[in-house]
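Written out below as C-alpha cells is the structure these notes cover.
Numbering (my numbering), first residue to last: 940 to 1402.
The following block contains the structure:
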C-alpha cells in the first residue's frame, strides 16, 4: 500500500441608448470610459446583488421569471413548450439577448488592441465581466479569472498546462465515477503522455461518491484531484469541501467542475478552498462559447501558456518570447467578446432575484417531479442521492429512452435522452441510457404535470 499523505501543497444588462450615448448595467448606473464622457466613468462593472442587498427580491415570483425568457412562449408541434433540458443548455433572458445585441450595435471592436473609442468600450465591457465573475464566485482577485470558451476548455487548459508541468511517471490523477467526459478524457490524455495513473473513486447505488473509498485512494502519489461539484447525469451534489480538504492533506491540487453547480448553488471558491474551478456561461442563462477558469493565482503564475498567439505576449522576437501576466497569458487570440458580454449580463440577471428563494423553488419542483415520476409503474429513477439539485434521470420498462424522448417532443416537452456524456455512469447502473429532465428557475410544477401526462401516453404505447 502506498505511503499516505505527507507532502505539502505545491507552490446585465448593458443597455445602450439608440444613439450610443450611454451604457448602463442592469442597476441603471451610468458607465463611461475616460475618453467618452457620455459613456460614464471607470470600468463597467455589473450589479450582482447578494441576498439581503438592494436588487434581490424578497420572494421568488416564478411567473415574473418566466416572462423574462422569450423562448418559453414558443409553440412546439402545436403545444406550448415545456423546457426540461437546462442541464444541456439553459434558456436566455431578454436582458442577455439585448446585451449582446447592444454590444454589436454600439461597441463592436477588438479588445486590448486599439486606442479608438469602440475598442475602449469593448475592452471595458470585457474586463468588467471579468471583475463581475470574480465577485460572483468570491474570487480573491480578478486576475485569478481566465475567460475561456467553456468548462471543457478550462479543464483542458489546466490538464495541458499545470498537468504537464507537475505530472511525472508513477504519479496519479484521481477522479470519480460521476464525471462528465470532459473531466475524464483530458486527464486520460495527460496520464498517457506522462506515464501517470488514472484512479477513480467509486459511487454507491444512490449515486453518491464513496467517501471512504475516495480517502483510501489518496496517497503521496496523488497530484491532481478533479471532481464535479454537481453531477450532470444524476444531479448529485458532492461534498466538495471535504473532498478538497482531504486532497490538500496529501498535497494534491483540486479542480472542481462547476458547470452544473453555478446555475443552482451560490459558489464561493474561497470557502471551497479549491485550486481551480471551471464553469460555462451557457448553463447559467448566458450564451454559448464563453466560460470561466478560476485558478489560485500562484498556480496560474507558475503555469506555462496553453496556446500561443496575440494578446498573450509581452514581447516577441525570433529568439525569445516574453509572456503576458496572468490571466492574459492564457487568453491567446481574439476572444468571444460578445459571448463574454452576454455572460456578464447573465451574472447580472442572477442579481435580479433572491438566490435562496430560487433554490428553494427549484428544490420544491425537483421533489415534486421525483414523487410524480416514481409513482409511474415500471419507472426506475437513476440516482437518488440525499443531496441533489436540478436533475431527474429515469428509465421506463420496455421503452428505450430515445423513443420516450421522441414522444415527449411531439407533446412539446424537451428533455435529453442518452448517456449525457457520462458513459461510465450508465455502465455503473447497467443501463444503455436514461431520460433526463433537468430544471432551472423558470420551471414549475405545471411543467412536471405536463411531463407526467405525456409519460402516461408513453406507457400506453409501450405497455
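Built from N, CA and C at the ideal position, the CB exists for glycine as well.
Using CA coordinates, which residue listed in the options is at the minimum distance from residue i?
i	options	result
residue 1182	1026, 1210, 1092	1210
residue 1185	1204, 1164, 1197, 1172	1164
residue 1137	1217, 1098, 1151, 1316	1098
residue 1238	1251, 1258, 1264, 1226	1264
residue 1279	1063, 1379, 1353, 1393	1063
residue 1397	1348, 1364, 1367, 1124	1348
residue 1245	1266, 1077, 1048	1266
residue 1125	1147, 1093, 1151, 1150	1093
residue 1086	1383, 1251, 1338, 1261	1251
residue 1222	1076, 1289, 1026	1026
residue 1066	1284, 1340, 1402	1284
residue 1150	1166, 1206, 1299, 1054	1166
residue 1004	1281, 1224, 1159	1224
What are the boundary residues of the beta strand (DSSP E) that includes residue i?
i	result
residue 1172	First-last for residue 1172: undefined, no H or E at that position.
residue 1417	The requested residue 1417 does not occur in the structure, where the chain is confined to residues 940 to 1402.
residue 1357	1355-1357
residue 1196	1192-1196
residue 1267	Looking at the DSSP string, residue 1267 is not in any beta strand (DSSP E), and its letter there is neither H nor E.
So the alpha helix (DSSP H) residue i belongs to, where does it begin and stop?
i	result
residue 1186	1179-1188
residue 1040	1033-1045
residue 1075	1056-1075
residue 1344	1340-1349
residue 1289	1276-1289
Is the beta carbon of residue i less than 8 Å from the beta carbon of residue j?
i	j	result
residue 1018	residue 1344	no
residue 1169	residue 1199	yes
residue 1375	residue 1330	yes
residue 1361	residue 1171	yes
residue 1315	residue 1373	no
residue 1155	residue 1301	no
residue 1053	residue 1069	no
residue 1212	residue 1194	no
residue 1011	residue 1381	yes
Within the same chain, show all residues whose beta-carbon is closer than 6 Å to that of residue i, passing over the 5 residues directly before and after it, in chain order.
i	result
residue 1395	none
residue 1326	1176
residue 973	Bear in mind that the predicted position of residue 973 carries a pLDDT of just 39, short of 50, making it unreliable; the figure below should be weighed with that in mind. Hits under 6 Å: none found.
residue 1145	1323, 1324
Could you name the residues that DSSP lists as bridge partners for residue i?
i	result
residue 1013	In DSSP, residue 1013 forms no bridge with anything.
residue 1024	1377
residue 1392	Answer is none; residue 1392 lacks a bridge partner.
residue 1159	DSSP output for residue 1159 lists no bridge partner at all.
residue 1019	1014
residue 1321	1332
residue 1111	1136, 1161
residue 999	Bridge partners of residue 999: none, in fact.
Sorry if obvious, but does the Cβ on residue i come closer than 7 Å to a heavy atom of the ligand FMN?
i	result
residue 1356	Annotation note on the ligand FMN: not contained in the displayed structure, which lists no ligands.
Tell me which residues share the same chain as residue i and place their Cβ nearer than 7 Å to its Cβ, disregarding the 5 neighbours each side in the sequence.
i	result
residue 1079	1209
residue 1139	1114, 1115, 1116
residue 1090	1121, 1196, 1198, 1217, 1218, 1219, 1230
residue 1046	1057, 1060, 1061, 1064
residue 1388	none
residue 1130	1112, 1136, 1137
Less than 8 Å between C-beta atoms, sequence neighbours within five positions excluded: which residues of the same chain meet that for residue i?
i	result
residue 976	Any reading at residue 976 needs caution, since the residue's pLDDT is 34, under 50, leaving its predicted position unreliable; the model's value is listed next. Contacts found: none.
residue 1133	1102, 1103, 1106, 1107, 1108, 1110
Within the 8 Å Cβ cut-off, does residue i reach chain B?
i	result
residue 1374	This model lacks chain B altogether; it includes just one protein chain.
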